[in-house]
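Read through the structure below, which is laid out as structure tokens, and then see the notes.
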Amino acid sequence: MPSKPRNRVGEVYGKLTVIRASDRRTKSGNAYWWCRCSCGQDREVPGDKLSHNSARKKPLVTACLDCSREFQVEGVCAKNDREERQRRIDAEARRSLLKGDVPDGWLSLPLTDAHARELGQVLFFRGTLCLRGHLAPYRINGGCLTCSGQKPSAAVQHDDASG
Ligand SMILES: [Zn+2]
Ligand SMILES: [Zn+2]
Numbered sequence: 216m217p218s219k220p221r222n223r224v225g226e227v228y229g230k231l232t233v234i235r236a237s238d239r240r241t242k243s244g245n246a247y248w249w250c251r252c253s254c255g256q257d258r259e260v261p262g263d264k265l266s267h268n269s270a271r272k273k274p275l276v277t278a279c280l281d282c283s284r285e286f287q288v289e290g291v292c293a294k295n296d297r298e299e300r301q302r303r304i305d306a307e308a309r310r311s312l313l314k315g316d317v318p319d320g321w322l323s324l325p326l327t328d329a330h331a332r333e334l335g336q337v338l339f340f341r342g343t344l345c346l347r348g349h350l351a352p353y354r355i356n357g358g359c360l361t362c363s364g365q366k367p368s369a370a371v372q373h374d375d376a377s378g
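Here the sequence shown stands for residues 216 to 378, numbered as in my numbering.
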């Protein structure tokens, strides 16, 4: 008979409120607790994952599975957004230095891969050299135009004409 765990009913961890003990135990003998998420769903959580000590290495559980997944997606999106914004700022800065050195058409291309997708275009120009040292626009999913054997300026004109 495992020792009776401390009664944690009523404790709140993030969106979860502990509502009752579970008979389940972890391999190491920790009690599971049924928790109700603020969205209304219940989740069975091992007691050692319910903690206010966020400095611990172990991931803590603070929401039901669905809400946790949402948090995660939000977190990833926020991070991607930040990185993408920074990429565009960097690209803009590099391109402003290239004015006059590259065809003007390149400077009106989307700034990044994601920017091109947003605008429904296939080319973008970040003002960076490719791995082989070419300064040329990139095709989304395709890499540097010079590497792919195309004449960059022609490709840009062609895309301008069709778009
Ligand atoms: Zn939830
Ligand atoms: Zn290249």
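Using N, Cα and C, we set each Cβ at its ideal position, and we do this for glycine too.
This structure is a prediction, so every number in the text was calculated from the model and none was measured.
Requested in this report: Let me know the secondary structure DSSP gives C282 once reduced to three states.
Outcome: In the structure shown, the three-state DSSP call for C282 is helix.
Query raised in the report: Looking at the unbroken beta strand (DSSP E) that takes in R235, where does it start and where does it end?
Result: Per DSSP, the continuous beta strand (DSSP E) segment holding R235 begins and ends at L231 to R240.
**Report entry** Closest Cα partner of V224 within the set A270, G348, P352 and C250
**Finding:** For the residues A270, G348, P352 and C250, the minimum Cα distance to V224 belongs to C250.
Query raised in the report: Who are the near neighbours of G229 in its chain, counting only those whose CB is closer than 7 Å to its CB and skipping five residues on each side?
Result: Within the same chain, G229 has close Cβ partners T277 and A278.
Query raised in the report: In whole angstroms, what is the alpha-carbon distance linking G320 and T361?
Result: Taking the straight line from one Cα to the other gives about 16 Å.
Query raised in the report: So E333 is in the alpha helix (DSSP H); what residue range does that whole segment cover?
Result: D328 to L334 is the span of the alpha helix (DSSP H), which, as asked, contains E333.
Report task. Specify, as a first and last residue, the run of the beta strand (DSSP E) that D257 falls within. Result -> Looking at the DSSP string, the run of the beta strand (DSSP E) that includes D257 is D257 to P261.
Query raised in the report: Would a C-beta distance cut-off of 8 Å place R309 and R284 closer than the cut-off?
Result: Contact flag unset, no.
**Report entry** Per-residue DSSP class, three states only, for L350
**Finding:** Residue state for L350 is assigned as strand, using DSSP reduced to three classes.
Requested in this report: Give me the Cα-Cα distance between R303 and R332, rounded to the nearest whole angstrom.
Outcome: Answer to the nearest angstrom: the Cα atoms are 13 Å apart.
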